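Structure record follows, encoded as structure tokens.
Residue numbers (this note's numbering): 249 to 848.
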């Protein structure tokens, strides 16, 4: 007898009745899905009735959602290959996961609410821990489960007893988001509770990342327990492993059984490895735009909160007006054979907004977005976030982070802070990292102006002497002539006396109206008069995450978008195909301007 019969006890009849479904109703719905599958030649198989029923249940018997999730069940392996590659349970590195990295086991008995309860426990030497391998093993368990189980919701118990800080540092927002994507968009996990036990202080890092990725209603179902009695109030003692005062087998025993179970089903994983979705045969576009359009979209939406409708209204623009303007720009782009791509609608709209919906200025700035990389290569060369020297900037040189919430005036607020040893500071690298963030922001954000908070607390004279007028002028040029930054305020805090040198250089370069928007603050209360306290990082007495936490999130975000930077590195403006001269004479003559600054 298969070991699976000891591992998943379910009450199919009770689950069906909870949805008001008779056996006949369920067979009818399964038949509808099977008929639809016959019209989907791109999919590699027709799944079993049990699998189809589980997808129907997790999608509350919505036929359309079940179709989407079944399609995504096969397609996701191509969209997020890093989660699935080399995940077959026959492989030694996967077989060793329960012993070397940790356990993920469903408990045999469902709760009285017909929920499936899982226990997850990370353990072992952090040096041996591989986030994708650990979660790949967990997804293998979920794969076997869909062929046998049926439940109306999921409850997760996460035991942090053996968790080390080094484990935490390996579980980045990128990793967690990808796993959450599979959980939500494939298995439609209906999470009824997440229970955290044996929590060290540093578990807050993981919890905060998870809160960014999870929907608010799921976040509200996270419970921290200081003892097992508290856990028993949510999960009956009799279905829990004896590790937690329950009557079930230990986690290790269940883990060993699941290890054997996965090997019993190894043929299924061999088959999955060989399966391919034939995209060329797909009859209609896949309706999972949030995945296809970017796997980090949820995190981005929480790193950059905005109100596109209100921004449009502030310019007196309707949705239709904006689409018309975007269309005008797209038509113009067709006449510009020298430009290497047609940007997305979001990017075009961002350029329209920063240029106050001036069509001609938007054209100039979009052209310059691509051209500037040739005009000022010293800023852009070797700036890809994959490079080791770019990845350590937040620790060795400093931070530049947009704050998530815009101000009530719809301004995006940034914090810039230089840190570290001046010997390690490279002005171009520091600002290249900042410009990388601005590039990612183009694809998601929309605001009507920018506010900068510059924290000079750790600034040394050695940093100042490295930021010459030439450096600053080039960065200001990119900010002004590419991103059309509409600077509404520059707030300087924690200023040493020698910061005057930098300020004077900046005033030489900035337009007078921008120089007049520069403010010195001797305390945070003075800053609050300009930037609301509640939207500031806790470093400055606010309610938001720390600047360092934001820096780490943006570091991961840049890596998630590394393919975009790979693409930018290979893009070239074909000047020989440019139909008319570039109308940015002040930039084209920049060499003379910088030479003059050097002499001065």
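Glycine included, each C-beta is placed from N, C-alpha and C at the ideal position. All figures in this text were calculated on a predicted structure; none of them were measured in a lab.
| Asked | Found |
| --- | --- |
| Whose C-beta lies closer than 6 Å to the C-beta of residue 444 among residues of the same chain, with five residues either side of it excluded? | 406, 472 |
| Which term fits residue 388, buried or exposed, when burial requires 16 or more other beta carbons within 10 angstroms of its beta carbon? | buried |
| Excluding five sequence neighbours on each side, which residues of the same chain lie with their C-beta closer than 7 Å to the C-beta of residue 299? | 394, 395 |
| Do the segment 370 to 378 and the segment 349 to 358 meet, that is, are 3 or more Cβ pairs less than 8 Å apart? | yes |
| Return the chain-ordered ranges of every alpha helix (DSSP H) run that is complete within the segment 768 to 808 and spans a minimum of 4 residues. | 772 to 776, 795 to 808 |
| For residue 713, count neighbouring C-beta atoms within 10 Å of its own C-beta (all shown protein chains included) and say buried if the count is 16 or more, exposed if not. | exposed |
| DSSP three-state call for residue 415: helix, strand or coil? | helix |
| By alpha-carbon positions, which one of 376, 441, 530, 356 ends up nearest to residue 495? | 356 |
| Is DSSP giving residue 574 helix, strand or coil here? | helix |
| Any contact between the segment 484 to 504 and the segment 259 to 275? By contact I mean 3 or more CB pairs, one from each, below 8 Å. | no |
| For the candidate residues 588, 596, 593, whose alpha-carbon lies nearest to that of residue 817? | 588 |
| Under 8 Å: do the segment 744 to 760 and the segment 690 to 708 share three or more Cβ pairs, one atom per stretch? | yes |
| Relative to the C-alpha of residue 597, which candidate in 578, 584, 776 has its C-alpha closest? | 578 |
| Can you tell me which residues form a DSSP beta bridge with residue 354? | 366 |
| Where does residue 361 sit, in a helix, a strand or coil, going by DSSP? | coil |
| Thinking just about the alpha-carbon of each residue, which of 530, 552, 600 is nearest to the one in residue 563? | 600 |
| Would you tell me roughly how many angstroms separate the C-alpha atoms of residue 692 and residue 652, rounded to the nearest one? | 12 Å |
| Mind the definition here: the segment 464 to 471 touches the segment 331 to 346 only if three or more C-beta pairs lie below 8 Å; say whether that holds. | no |
| CB-CB under 7 Å to residue 292, same chain, minus the five flanking residues each way: which ones, in chain order? | 322, 523, 524, 525 |
| Within 10 angstroms of the Cβ of residue 754, are there 16 or more other Cβ atoms? Answer buried if so, exposed if not. | buried |
| Taking the alpha carbon of residue 328 as the point to measure from, which residue in 359, 422, 364 has its own alpha carbon closest? | 422 |
| Inspect the beta-carbon positions of residue 398 and residue 483 and report whether they are closer than 8 Å. | no |
| So, residue 766 versus residue 738, is the Cβ gap smaller than 8 Å? | yes |
| From 521, 734, 478, pick the residue whose C-alpha is nearest to that of residue 326; which is it? | 521 |
| Could you pull the start and end residues of the beta strand (DSSP E) that residue 686 belongs to? | Segment 675 to 690 is the alpha helix (DSSP H) holding residue 686; no beta strand (DSSP E) there. |
| What number of angstroms, rounded off, separates the C-alpha of residue 800 from the C-alpha of residue 699? | 21 Å |
| Span of the alpha helix (DSSP H) holding residue 394? | Segment: none, residue 394 is in no alpha helix (DSSP H) and carries neither H nor E. |
| Using only the alpha-carbon positions, how far apart do residue 353 and residue 504 sit? | 10 Å |
| Which of the three DSSP states, helix, strand or coil, is assigned to residue 746? | coil |
| Determine the direct distance from the alpha carbon of residue 637 to that of residue 552, and round the result to whole angstroms. | 26 Å |
| What does DSSP give as the partner residue(s) for residue 649 in the beta ladder? | 663 |
| Can at least three beta-carbon pairs, one atom from the segment 555 to 562 and one from the segment 650 to 664, be found at a separation below 8 Å? | yes |
| What residues are listed by DSSP as bridge partners for residue 404? | 366, 442 |
| On the DSSP bridge list, what partners appear for residue 699? | 661, 737 |
| For the beta strand (DSSP E) containing residue 470, list its first residue and its last residue. | 470 to 473 |
| Return the residue from the list 358, 310, 470 that minimises the CA-CA distance to residue 281. | 310 |
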